[in-house]
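Undergrad: Got a structure for you, written out below as structure tokens; questions coming shortly.
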Amino acid sequence: MSAMENLISEINSYYKARNKRPVFQLGAQSRFIIISQAPGKKVHETGIPWNDASGRKLRFWLGVSEEQFYNPEIFSIMPMDFCFPGKGKNGDLPPDPDCAPRWHQRILSTMENDPMKILIGQYAIQYYLGSKQKTTLAETVRTFGDYLPEFFPMPHPSPRNQNWLKKNKWFENQNIPYLQKYISEKIKGTR
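Residue numbers (this note's numbering): 1 to 191.
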């Protein structure tokens, strides 16, 4: 068994012992790693990462097919919390703060290609960029070039973020074409 396979088995065993269902996708050869908040209820129920409206929008933003997205040689998916955190008053509860410190560095250390970390939403951006992030999410996302090639910060593709996208049209006009081109070139390099 490889180091990644051992780690995946350990993660699954850890959550099974706690009667939880983790949802993630990991591959030691991944070119990209998607880091977001936590699986939503629908994703939790199916056990398939990004299997919802947000996932469709994300795949559109990335410019990839489902087949490419669910190929762990191209994309790993490592949420800030591997399990659905439950519903809160205004949407899902925040990710469990113990998950990322417990697993993320160990996962990243088993990756062989130093994948670009696509940081989706405030939780991932705060955790990974810390004091390097700008004053607002919009400013951090707008200045994505400051974080390349290690990180690519972006908003969450949730339907709840439609107002943010309307106010910040530059995101889909400038950032997304750059990301799609970058991903396309990296994917071609994997063949």
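In this text, a Cβ means the ideal position worked out from N, Cα and C, and glycines have one as well.
The structure displayed is predicted, hence computed values, not measured ones.
#1: DSSP three-state call for methionine 4: helix, strand or coil?
#2: Should isoleucine 125 and threonine 140 be called a contact, given that it needs their Cβ atoms to be closer than 8 Å?
#3: At which residue ranges does the stretch 135-183 contain complete beta strand (DSSP E) runs of 3 or more residues, listed in the order of the chain?
#4: Once you ignore the five residues that flank glycine 47 on each side, which residues in its own chain have a CB closer than 7 Å to its CB?
#5: Check whether the stretch 77-90 and the stretch 31-41 are in contact - that is, three or more C-beta pairs closer than 8 Å.
#6: Label tyrosine 178 either buried or exposed according to how many other C-beta atoms from any shown protein chain fall within 10 Å of its C-beta, with 16 as the threshold for buried.
#7: Within the continuous beta strand (DSSP E) that includes phenylalanine 32, where are the two ends?
#8: Cutting at 7 Å between CB atoms, please list the residues of its own chain near serine 30, excluding the five before and the five after it.
#9: Return yes when the Cβ of isoleucine 118 is within less than 8 Å of the Cβ of isoleucine 34, no when it is not.
#10: Round the Cβ separation of arginine 59 and glutamate 66 to the nearest angstrom and send it over; I've been treating them as touching at under 8 Å.
#11: Leaving out five residues on either side along the sequence, give the residues of the same chain with a beta carbon under 7 Å from the beta carbon of serine 158.
#12: With a 10 Å radius around its C-beta and 16 neighbouring C-beta atoms as the bar for buried, classify aspartate 52 as buried or exposed.
#13: So for glutamine 133, helix, strand or coil by DSSP?
TA: Quick answer:
#1: helix
#2: Result yes, Cβ atoms of isoleucine 125 and threonine 140 sit closer than 8 Å.
#3: 151-154
#4: Arg21 and Val23
#5: yes
#6: exposed
#7: Run containing phenylalanine 32: 32-35, per the beta strand (DSSP E) assignment.
#8: Pro72, Glu73, Ile74, Phe75, Ser76, Met111, Asn113 and Pro115
#9: Yes. Within cutoff.
#10: 7 Å
#11: Ser54
#12: buried
#13: coil
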